[in-house]
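Novice: One structure, as structure tokens, below. Some questions next.
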Amino acid sequence: MPERQTILVIDDEKANLKILSELFKSKVNIILAKNGAQGIEKAMKFKPDVILLDIIMPGMSGFEVLEVMKSNESLAGIKVLVVSAAEKAKVAQVMSLGVDGLIEKPFENSELIRKVDALLAA
């Protein structure tokens, strides 16, 4: 039997961590990080298949997380889906950083699941 895939959720909102965890825990391993620095630490340790990343966080923002990931050989290949309520200008900036997708909050669960499933299958 193949090993379960892993999703790392990086979000500073407890409610979002809970919702995203509940959506996927039946089919993948879920790792939660409540800020960007913790997210980088857990990405290094667990090498997840996909990261669900919030952009607007205190301390280390999602932009900074992406910069660290892209400059680190062992993290650069991890697929990243940005899940954020950031305004359009920030969305364009995020896409230019080479993320694998974006979904805006509030999101439809079915759309998020579809995008994550596609990344896990790729």
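Under my numbering, the residue at position 42 of the sequence shown is numbered 25, and the numbers go up by one with no gaps. By construction, the Cβ of each residue, glycine as well, lies at the ideal position given by its N, Cα and C atoms. Given the structure is predicted, the values throughout are model-derived calculations rather than measurements.
Do the segment 49 to 63 and the segment 0 to 10 make contact, defined as three or more Cβ pairs closer than 8 Å?
Specialist: In short, these stretches do not touch, since the Cβ pair count stays below three.
Novice: Using a Cβ-Cβ cut-off of 8 Å, state whether Pro41 counts as contacting chain E.
Specialist: The structure shown has no chain E; it contains just one protein chain.
Novice: Which residues share a DSSP beta bridge with Ala75?
Specialist: Ala75 pairs with nothing; no bridge assigned.
Novice: In whole angstroms, what is the alpha-carbon distance linking Ile(-10) and Glu94?
Specialist: Approximately 17 Å, taken between the alpha carbons.
Novice: Can you check DSSP and say which residues form a bridge with Lys62?
Specialist: Val33, per the DSSP bridge assignment.
Novice: Near Leu80, what residues of its chain come up, given a Cβ to Cβ distance below 6 Å and the 5 sequence neighbours on each side ignored?
Specialist: Leu49, listed in sequence order.
Novice: Please classify Asn(-1) as buried or exposed, where buried requires at least 16 neighbouring CB atoms within 10 angstroms.
Specialist: Under this definition Asn(-1) is a buried residue.
Novice: Do you know how far the Cα of Ala75 is from the Cα of Arg(-13)?
Specialist: About 33 Å.
Novice: Which residue or residues does DSSP assign as beta-bridge partners of Gly84?
Specialist: Looking at the DSSP assignment, Gly84 forms a beta bridge with Leu64.
Novice: Let me check one thing: in DSSP terms, what residues is Asp51 bridge-paired to?
Specialist: A small correction: the amino acid at residue 51 is Val; Asp does not occupy that position in the sequence shown. According to DSSP, Val51 bridges with nothing at all.
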